[in-house]
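> Counting along the sequence shown from 1, when you hit position 565 you're at 591 in my numbering, and nothing is skipped either side.
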Amino acid sequence: TGLSENVQVQLSATQAMELQRRDYRMERPLLNQEQLEELGHWSSAPRTRQWRIWFQCSHARARALLLQRLPVLVWLPRYPVRDWLLGDLLSGLSVAIMQLPQGLAYALLAGLPPVYGLYSSFYPVFIYFLFGTSRHISVVLEVCWKLPQSVVGTVVTAVVAGVVLVMVKLLNDKLQRHLPVPIPGELLTLIGATGISYGVGLQHRFGVDVVGNIPPGLVAPVAPSPQLFAKLVGNAFAIAVVGFAIAISLGKIFALRHGYRVDSNQELVALGLSNLIGGIFQCFPVSCSMSRSLVQESAGGNTQVAGAVSSLFILLVILKLGELFKDLPKAVLAATIIVNLKGMLMQFADVCSLWKANRADLLIWLVTFVATILLNLDLGLAVAIVFSLLLLVVRTQLPHYSVLGRLPDTDIYRDVAEYSEAKEVPGVKIFRSSATVYFANAELYSDALKQRCGVDVDHLISRKKKLLKKQEKLKLKQLQKEKQLLKQAASSKGASVSVNVNSSLEDIKSNDVEDSKAKVSPGDKLEDTAANGQEDAKAPDMSTLKALGLPQPDFHSLVLDLGALSFVDTVCLKSLKNIFHDFREIEVEVYMAACHSPVVAQLEAGHFFDASITKKHLFASVHDAVTFALQHPRSGPDSAVLVS
27 TGLSENVQVQ LSATQAMELQ RRDYRMERPL LNQEQLEELG HWSSAPRTRQ WRIWFQCSHA
87 RARALLLQRL PVLVWLPRYP VRDWLLGDLL SGLSVAIMQL PQGLAYALLA GLPPVYGLYS
147 SFYPVFIYFL FGTSRHISVV LEVCWKLPQS VVGTVVTAVV AGVVLVMVKL LNDKLQRHLP
207 VPIPGELLTL IGATGISYGV GLQHRFGVDV VGNIPPGLVA PVAPSPQLFA KLVGNAFAIA
267 VVGFAIAISL GKIFALRHGY RVDSNQELVA LGLSNLIGGI FQCFPVSCSM SRSLVQESAG
327 GNTQVAGAVS SLFILLVILK LGELFKDLPK AVLAATIIVN LKGMLMQFAD VCSLWKANRA
387 DLLIWLVTFV ATILLNLDLG LAVAIVFSLL LLVVRTQLPH YSVLGRLPDT DIYRDVAEYS
447 EAKEVPGVKI FRSSATVYFA NAELYSDALK QRCGVDVDHL ISRKKKLLKK QEKLKLKQLQ
507 KEKQLLKQAA SSKGASVSVN VNSSLEDIKS NDVEDSKAKV SPGDKLEDTA ANGQEDAKAP
567 DMSTLKALGL PQPDFHSLVL DLGALSFVDT VCLKSLKNIF HDFREIEVEV YMAACHSPVV
627 AQLEAGHFFD ASITKKHLFA SVHDAVTFAL QHPRSGPDSA VLVS
């Protein structure tokens with residue numbers, strides 16, 4: 027009866043395994059990486075070919091490079107004059123009217139004469155017209171060096187001008203749907219204040235500081251002083267980074283809204299040339315302005331022609347109209363600056379949205395804000411960049427590790443902790459990380475893998491080695507006892523016989539020691555694993571977990587889903603090799619799945635594949651690996667482990 031029950035149990039287990047294999051049978055051929063490369067004729071493009079293409083010189087390539095670096099040659103010949111010219115003219119004039127007083131004000135903000143604000147409103151804008159790709163952003167000065175210092179004699183003038191500007195801005199917000207263009211409150215305030223100052227004589231009677239004489243005409247180009255490079259390199263780098271970030275973010279917003287594309291690299295070239303050429307003509311560093319860009323868009327601006335019109339209007343002011351603003355009170359310009367800080371202060375509303383959306387981004391925002399306030403712009407920006415990189419490293423060290431299970435009647439595998447219908451494949455563990463594996467998190471990946479598998483791999487390997495050493499010592503003791511007995515028995519038969527006995531005993535000892543130290547190896551061909559296991563099972567191996575009385579894992583195969591890997595480094599290669607070695611020590615075969623082609627190329631370059639780990643261990647998908655693992659289990663419960 028006991029024998030018949032054992033036979034029935036074996037038959038039921040065999041039937042269950044056969045049903046399981048049928049359930050995981052695939053209609054297409056099962057593909058490992060080696061077969062996939064042969065089927066798809068995979069080959070990586072040689073780097074020399076890429077370099078040849080990059081340095082290739084031809085008429086077509088030269089023309090394409092010219093059009094790429096000078097976008098005005100692309101869109102200007104196709105410019106629809108009838109449809110867009112009127113809108114660009116009105117938009118350019120609206121921006122110029124708004125830009126004129128703000129350019130004068132920002133010159134004072136930088137501690138320079140107001141005329142330099144006009145220069146900065148002309149040269150960079152015209153250069154951006156030639157090289158820029160965004161049709162709507164307006165390039166003006168956006169550098170906050172220091173807050174304007176109030177003067178006692180000009181407090182009333184500043185307060186009155188500020189109240190007028192605030193009222194006009196509130197009126198614009200209320201009537202923005204009904205007005206074709208916003209009311210130019212800054213220009214009206216500037217003209218009114220200039221007239222009052224000239225008529226009343228604010229400078230002579232009340233000591234109000236005015237702009238003074240604005241020399242007509244353009245200044246000659248001047249090379250920057252090399253002595254200032256060392257002093258300004260830190261601030262220049264910070265201004266460049268902030269200016270480019272603002273420009274490209276606004277450019278992409280308007281491009282998405284109007285259905286065209288902004289080239290980030292060309293925007294960097296355009297801003298760089300605007301500041302480089304502008305610096306030769308004594309201009310300030312420039313970037314784009316949110317307020318002027320919105321005015322340009324709302325006024326009907328369609329292309330960079332609006333920027334050209336704006337710069338030409340500023341040129342007219344520089345050449346002929348600048349002297350009309352010599353009685354303009356500087357307090358009015360200071361009030362213009364303070365009122366325009368409203369947009370910056372409104373950014374504090376981002377704290378609430380970032381708290382709800384992504385608290386890591388909120389932490390970066392707060393660190394950047396505090397560091398910039400306490401350490402100035404250049405050091406604050408450096409602290410923010412370093413903190414962002416550290417936070418990126420920390421986030422890669424805390425990815426989501428999951429054990430995958432198969433959804434019913436599909437070849438889709440999902441986290442069993444998140445999907446209640448996802449069931450683990452019997453005998454196969456599938457492990458996935460949501461982040462790439464590199465030097466900063468490779469050890470954490472290995473630890474999480476061993477923890478999620480539910481097996482203390484290191485402890486099991488340690489116990490196995492101790493028991494093998496114990497077996498070896500017992501065998502040596504037994505051999506020594508047998509040797510002593512044979513020596514005593516052979517002592518009466520002569521020395522020659524004794525020597526032969528000793529040599530034969532040494533051969534037996536060495537053979538037994540080699541057998542006891544045998545290690546698990548996968549074999550060159552995975553398809554022959556089951557057959558080899560049956561042949562070795564005829565000779566009992568005392569180094570298996572079962573023979574040593576150690577607990578066996580409840581799975582025979584481990585599949586690593588490496589679809590999240592974007593690159594591999596040397597630490598990752600060593601970690602993967604250690605995973606193969608450790609799990610084979612506990613009689614579990616390891617497979618990899620879903621590697622991208624660049625990752626496979628990096629594995630080959632790092633000499634990851636060898637006689638024990640071949641491309642046959644790497645499969646095109648997780649389902650391929652699971653199907654193969656079920657069809658070719660490394661070792662059954664009662665089979666011996668392959669040794670070499």
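All residues carry an ideal CB built from backbone N, CA and C; glycine is no exception.
Since the model is a prediction, treat every value here as computed from it, not as a measurement.
Give every residue of the same chain whose Cβ lies closer than 7 Å to the Cβ of Arg-478, excluding the five residues on either side of it in the sequence, and list them in chain order.
Here the question's residue 478 lines up with position 452 in the sequence shown. If we look at Arg-478 and ignore the five residues flanking it on each side, its Cβ neighbours are Tyr-427, Val-429, Phe-457.
> Pop quiz: Val-652 and Val-585 are said to be a contact at Cβ under 8 Å. What is the actual Cβ separation, rounded to whole angstroms?
Position 626 of the sequence shown, counting from 1, holds the residue named residue 652. Position 559 of the sequence shown, counting from 1, holds the residue named residue 585. Sure, about 6 Å apart at Cβ, within 8 Å.
> Output the distance between the C-alpha atoms of Ser-488 and Gly-575, rounded to the nearest integer angstrom.
Position 462 of the sequence shown, counting from 1, holds the residue named residue 488. Position 549 of the sequence shown, counting from 1, holds the residue named residue 575. Between Ser-488 and Gly-575, the C-alpha separation is close to 14 Å.
> Put Pro-355 into one of helix, strand or coil per three-state DSSP.
As a working note, residue 355 is residue 329 in the sequence shown. Strand at Pro-355.
> Among the residues of its own chain, which have a CB less than 6 Å from the CB of Ser-583, if the five just before and after it don't count?
Looking up residue 583 in the sequence shown gives position 557. Excluding sequence neighbours, Ser-583 sits near Val-454, Glu-615, Ala-655.
> Whose CA, out of Gln-514, Ala-468, Lys-503, Leu-138, lies closest to the CA of Asn-604?
For the purposes of this step, residue 604 is identified with residue 578 of the sequence shown, where counting begins at 1. The shortest C-alpha separation from Asn-604 is found at Ala-468.
> Which parts of the segment 584 to 661 are runs of the beta strand (DSSP E), unbroken and 3 residues or longer, counting only runs that do not cross its ends?
Those beta strand (DSSP E) runs which fall completely within the segment 584 to 661 and span 3+ residues are 615 to 619.
> Within 10 Å of its beta-carbon, does Leu-65 have 16 or more other beta-carbons around it, so buried, or fewer, so exposed?
In the sequence shown, counting from the first residue as 1, residue 65 sits at position 39. Exposed, because fewer than 16 other Cβ atoms sit within 10 Å of the Cβ of Leu-65.
> Leaving out five residues on either side along the sequence, give the residues of the same chain with a beta carbon under 7 Å from the beta carbon of Pro-139.
Residue 139 sits at position 113 when you count from the first residue of the sequence shown. Answer for Pro-139: Ala-133, listed in chain order.
> Can you tell me whether Lys-195 is helix, strand or coil according to DSSP?
The sequence position of residue 195 within the sequence shown is 169, counting from 1. DSSP places Lys-195 in helix when its eight states are reduced to three.
> Name the DSSP beta bridge partners of Asn-58, please?
As a position in the sequence shown, residue 58 is number 32, starting the count at 1. Per the DSSP secondary-structure output, Asn-58 pairs in a beta bridge with Phe-645.
> Given a cut-off of 8 Å, decide if Cys-314 and Ala-273 are closer than it, judged by their beta-carbon atoms.
Residue numbering aside, residue 273 sits at position 247 when the sequence shown is read from its first letter. Residue numbering aside, residue 314 sits at position 288 when the sequence shown is read from its first letter. A contact, by the Cβ cut-off of 8 Å.
> What separation, rounded to the nearest whole angstrom, lies between the Cα atoms of Leu-512 and Leu-494?
Translated into positions along the sequence shown, residue 512 becomes position 486. Translated into positions along the sequence shown, residue 494 becomes position 468. Between Leu-512 and Leu-494, the C-alpha separation is close to 27 Å.
> Where do the N-terminal and C-terminal ends of the alpha helix (DSSP H) with Gly-227 fall, by residue?
Taking the first residue of the sequence shown as position 1, residue 227 is located at position 201. It is not in any alpha helix (DSSP H) - Gly-227 carries neither H nor E in the DSSP assignment.
> Could you say which of Val-312, Val-597, Lys-476 lies nearest to Phe-581 if we only look at CA atoms?
One-based indexing of the sequence shown puts residue 581 at position 555. The residue with the shortest Cα to Cα distance from Phe-581 is Lys-476.
> Would DSSP call Leu-430 helix, strand or coil?
Working through the sequence shown from its first residue, we reach residue 430 at position 404. Strand at Leu-430.
> Ignoring anything shorter than 4 residues or poking outside the segment 398 to 431, list the alpha helix (DSSP H) runs there in chain order.
DSSP runs (the alpha helix (DSSP H)) wholly in the segment 398 to 431: none.
> Can you give me the Cβ contacts of Lys-368 inside the same chain, cut-off strictly under 8 Å, excluding the 5 residues immediately before and after it?
The residue you call residue 368 lines up with position 342 of the sequence shown. Within the same chain, Lys-368 has close Cβ partners Lys-195.
> Check the DSSP bridge columns for Tyr-439 and list the partner residues they point to.
Within the sequence shown, numbered from 1, the residue matching residue 439 stands at position 413. Answer by DSSP bridge pairing, in chain order: Arg-432.
> Whose C-alpha, out of Leu-205, Pro-206, Pro-210, His-204, is nearest the C-alpha of Val-192?
Sequence index remark: in the sequence shown, residue 192 carries index 166 (1-based). If we check each option's Cα against that of Val-192, Pro-210 comes out closest.
> Would a C-beta distance cut-off of 8 Å place Asn-301 and Gln-128 closer than the cut-off?
The residue labelled residue 301 in the question sits at position 275 within the sequence shown. The residue labelled residue 128 in the question sits at position 102 within the sequence shown. No, these two residues do not count as a Cβ contact at 8 Å.
> Roughly how many angstroms separate the alpha carbons of Trp-101 and Ile-399, rounded to a whole number?
Counting from 1 along the sequence shown, the entry for residue 101 is found at position 75. Counting from 1 along the sequence shown, the entry for residue 399 is found at position 373. If you take the alpha carbons of Trp-101 and Ile-399, they lie about 43 Å apart.
> Provide the residue(s) that pair with Ile-153 in DSSP beta bridges, ordered along the chain.
As a first step, residue 153 is located in the sequence shown; it is residue number 127 there, counting from the start. For Ile-153, which the question treats as bridged, DSSP gives no partner whatsoever.
> Please report the straight-line C-alpha distance between Val-539 and Lys-492, rounded to a whole angstrom.
On the sequence shown, position 513 is the one that residue 539 refers to. On the sequence shown, position 466 is the one that residue 492 refers to. Reliability fails at Val-539, whose pLDDT of 44 lies under 50, so the model's placement of it is uncertain and the value that follows must be treated cautiously. Rounded to the nearest angstrom, the two C-alpha atoms are 15 Å apart.
> Return the chain-ordered list of same chain residues with a C-beta closer than 7 Å to the C-beta of Leu-341, the five sequence neighbours on each side being excluded.
By one-based count along the sequence shown, residue 341 stands at place 315. Phe-148.
> So, at 6 Å on beta carbons, what are the nonlocal neighbours of His-633 in its own chain, with the 5 sequence-adjacent residues on each side left out?
Position 607 of the sequence shown holds residue 633. Result list for His-633: empty, nothing under 6 Å.
> Starting from the C-beta of Val-268, find all residues in its chain whose C-beta is less than 8 Å away, skip the five residues before and the five after it, and write them out in chain order.
Against the sequence shown, residue 268 aligns to sequence position 242. So the list reads Ser-313, Leu-403, Leu-407, once near-sequence residues are dropped.
> In whole angstroms, what separates the C-alpha of Phe-307 from that of Asp-235?
In the sequence shown, residue 307 corresponds to position 281, counting from 1. In the sequence shown, residue 235 corresponds to position 209, counting from 1. The straight-line gap from Cα to Cα measures roughly 27 Å.
> Put Phe-310 into one of helix, strand or coil per three-state DSSP.
Along the sequence shown, one-based indexing puts residue 310 at 284. Coil, per DSSP.
> Below 8 Å between beta carbons: does that hold for Val-248 and Tyr-464?
Here the question's residue 248 lines up with position 222 in the sequence shown. Here the question's residue 464 lines up with position 438 in the sequence shown. For Val-248 and Tyr-464, no; Cβs fall outside 8 Å.
> Have a look at the DSSP bridge pairing and note the partners of Val-454.
Locating residue 454 in the sequence shown gives position 428, counting from the first residue. DSSP lists Ser-583 as partners of Val-454.
> Of the residues Pro-579, Ala-219, His-85, Ala-90, which one's Cα is nearest the Cα of Phe-351?
Within the sequence shown, residue 351 is the residue found at index 325, counting from 1. Ranking Pro-579, Ala-219, His-85, Ala-90 by Cα distance to Phe-351 puts Ala-219 first.
> For Glu-613, count neighbouring Cβ atoms within 10 angstroms of its own Cβ and tell me buried if that reaches 16, exposed if not.
Your numbering for residue 613 matches position 587 in the sequence shown. Buried is the call here.
> Within the same chain, show all residues whose beta-carbon is closer than 7 Å to that of Leu-354, passing over the 5 residues directly before and after it, in chain order.
The residue given as residue 354 occupies position 328 in the sequence shown. Setting aside the 5 residues that flank it on each side, Leu-354 is surrounded in the same chain by Leu-216, Ala-219, Thr-220, Ser-223, Val-236, Val-237, each with a C-beta closer than 7 Å to its C-beta; the list follows chain order.
> Please report how far the alpha carbon of Leu-130 lies from the alpha carbon of Lys-346, in whole angstroms.
Stepping through the sequence shown from its first residue, residue 130 is reached at position 104. Stepping through the sequence shown from its first residue, residue 346 is reached at position 320. For Leu-130 and Lys-346, the distance between alpha carbons rounds to 16 Å.
> Compute the Euclidean distance between the alpha carbons of Leu-607 and Gln-61, then round it to the nearest angstrom.
Locating residue 607 in the sequence shown gives position 581, where the first residue counts as 1. Locating residue 61 in the sequence shown gives position 35, where the first residue counts as 1. Residue identity check: residue 607 is His in the sequence provided, not Leu. Rounded to whole angstroms, His-607 to Gln-61 spans 24 Å at the Cα level.
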